[in-house]
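K.L.:
The numbering of the sequence shown is the UniProt record's numbering, which starts it at 1 and goes up by one.
Here it is, the structure in full.
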Amino acid sequence: MGEVLRAAVRCITAPSLFPRELHMLADIALYADDHTGPVLDTDGTVRKAHRGYVPRLGDPKDRLGLKANLLESRLFVFTATGWLSPVDGPEHDGAYQLNVHRLQRLLDVAEAAMVSGRADTDAGEQADRELGSDFTTPPPDLSQQVDRLLVRNPAA
Numbered sequence: 001m002g003e004v005l006r007a008a009v010r011c012i013t014a015p016s017l018f019p020r021e022l023h024m025l026a027d028i029a030l031y032a033d034d035h036t037g038p039v040l041d042t043d044g045t046v047r048k049a050h051r052g053y054v055p056r057l058g059d060p061k062d063r064l065g066l067k068a069n070l071l072e073s074r075l076f077v078f079t080a081t082g083w084l085s086p087v088d089g090p091e092h093d094g095a096y097q098l099n100v101h102r103l104q105r106l107l108d109v110a111e112a113a114m115v116s117g118r119a120d121t122d123a124g125e126q127a128d129r130e131l132g133s134d135f136t137t138p139p140p141d142l143s144q145q146v147d148r149l150l151v152r153n154p155a156a
């Protein structure tokens, strides 16, 4: 489930988050859907996946729920900064939507920094903002962009 989105979060620097919070966001992204379409969930049910949709925090096999509790204790940071938005509706109880558009903008900045060989802090701060259309338009597929950053380094 969210391996591509987790890799994407680990490729960026987000001025709105401390490094520890960025690491926690990568953990949350691991539980998000990477694509849109049918998916076999960890409990064996088939459901319709939506890119960036986080059905729950933590692994259901974790009996103590330590990671889920840790992530939930800092959830206010991610909702206040616009990285996560609660999903409305009783069928989505406890679910969140990851801001994939914002992640894509920060990946663009990271890719440009790799090509030019220097980081542009102004572009990073500009990209690290929540826009009105971030949660209303369908999220983009980041797999090719993550592939370019991790496998086919544009600086090489």
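We put the CB at the ideal spot given by N, CA and C, even for glycine.
Buried or exposed for residue 133, going by 16 or more other Cβ atoms inside 10 Å?
P.N.:
Exposed, since its Cβ has fewer than 16 Cβ neighbours within 10 Å.
K.L.:
On the DSSP bridge list, what partners appear for residue 39?
P.N.:
BP columns for residue 39 point to 47.
K.L.:
Between residue 109 and the rest of its own chain, which residues show a CB-CB distance below 6 Å, the 5 nearest in sequence each way excluded?
P.N.:
Answer for residue 109: 123, 124 and 127, listed in chain order.
K.L.:
Output needed for residue 67: all residues of its chain with C-beta closer than 6 Å, excluding positions within five of it in sequence on either side, in chain order.
P.N.:
58, listed in sequence order.
K.L.:
Going by Cα to Cα distance, which pick from 31, 111, 46 and 83 is closest to residue 37?
P.N.:
Comparing Cα positions, the closest option is 46.
K.L.:
By a C-beta neighbour count over all protein chains shown, 10 Å radius and 16 as the cutoff for buried, is residue 32 buried or exposed?
P.N.:
Residue 32 should be labelled buried.
K.L.:
With a threshold of 16 other CB atoms inside 10 Å of the CB of residue 149, please say whether the residue is buried or exposed.
P.N.:
Counting Cβ neighbours within 10 Å, residue 149 comes out buried, since at least 16 surround it.
K.L.:
Hey, out of 106, 89 and 35, whose CA is closest to residue 129's CA?
P.N.:
It is 106 whose Cα lies nearest to the Cα of residue 129.
K.L.:
Ignore the nearest five residues each way along the sequence and tell me which others in residue 78's own chain have a CB closer than 6 Å to its CB.
P.N.:
Excluding residues within five positions, the ones whose Cβ falls inside 6 Å are 84.
K.L.:
On a CA-only basis, which of 81, 80 and 53 is nearest residue 93? Give me that one, please.
P.N.:
Closest option to residue 93, Cα to Cα, is 53.
K.L.:
Could you tell me how far apart the beta carbons of residue 104 and residue 142 are, in whole angstroms, since I believe they sit closer than 8 Å?
P.N.:
That pair is a contact at about 6 Å.
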